[in-house]
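Counting in this note's numbering, the sequence shown runs from 1 upward without gaps.
Beta carbons: idealized from backbone N, C-alpha and C, even for Gly.
Treat the numbers as computed from the prediction; the structure is a model and nothing was measured.
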Amino acid sequence: MKIVVGSDKAGYPLKESIIEMLKVQGHEILDVGTTDPEQPRPHNVTGPAAAELLKSGEAERGILICGTGMGMAMAANKNKGVYAAVVESVYAAEYSRKINDANVLCLGAFLVGETMAKEMVNVFLKTEFVQDFPEWRVDFLTKQKEILETHEEQVFK
């Protein structure tokens, strides 16, 4: 899978660890920075850079890391077709995909440890939208996604 990964200075060490894990797993990584902690990129530069790669189809999923994950999510979510979720548990990472079809996982390096972050990344990448749900729930969630996409068409002009 092609995955765009980015961080600010606070998220840099965790980003590097996650990239290492993803490369071992065979994923293609697009690193939008921070690539040098002495010259960090802020969330309002890194988030949109990742969003552009998702919107263009160059990346399938994104992982963004800052102190809390919230700044990255706010910056990335300003882009049509980008659904960034701040998560602090494996369960939230899974359900951000199953229910909301999130395509960007935002992590807070001040809030989650490396082991937990890696578990969240793994479940986020292996979980699909509406996976393992009964037909009635698949229909409901698919309709909700369509409503959101219609709203986006009106808002992102």
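The beta-carbon distance between residue 43 and residue 1, rounded to whole angstroms, is 23 angstroms. This is too long to meet the 8 angstroms contact definition. For residue 16, the enclosing alpha helix (DSSP H) has its first and last residue at 12-24.
Looking at the DSSP output, residue 65 bridges to 7 and 107. Close CB contacts of residue 129 within its chain, under the 6 angstroms cut and outside five residues either way in sequence, are with 101 (chain order). Residue ranges of uninterrupted beta strand (DSSP E) with 3 or more members, entirely inside the region 85-132 and ordered along the chain, are 104-108. Nearest to residue 117 by C-alpha distance, out of 151, 50 and 66, is 66. Residue environment for residue 34: buried (at least 16 other C-beta atoms within 10 angstroms of its C-beta).
Counting the other Cβ atoms within 10 Å of the Cβ of residue 148 gives fewer than 16, which makes it exposed. Segment contact: the region 77-90 against the region 103-110, three or more CB-CB distances shorter than 8 angstroms; contact assigned.
Judged by DSSP secondary structure, residue 31 falls outside any alpha helix (DSSP H) and instead within the beta strand (DSSP E) spanning 28-31. Contact check for residue 15 against residue 24 fails: the beta carbons are separated by 8 angstroms or more. In this structure, DSSP gives residue 80 a state outside helix and strand, which the three-state scheme calls coil. Residue 145 is not bridged by DSSP to any residue.
With respect to residue 19, residue 36 sits apart: the two C-beta atoms are not nearer than 8 angstroms. In the assembly as shown, residue 89 is an exposed residue. Its beta-carbon has fewer than 16 other beta-carbons within 10 Å. Beta-bridge pairing by DSSP links residue 55 to no other residue.
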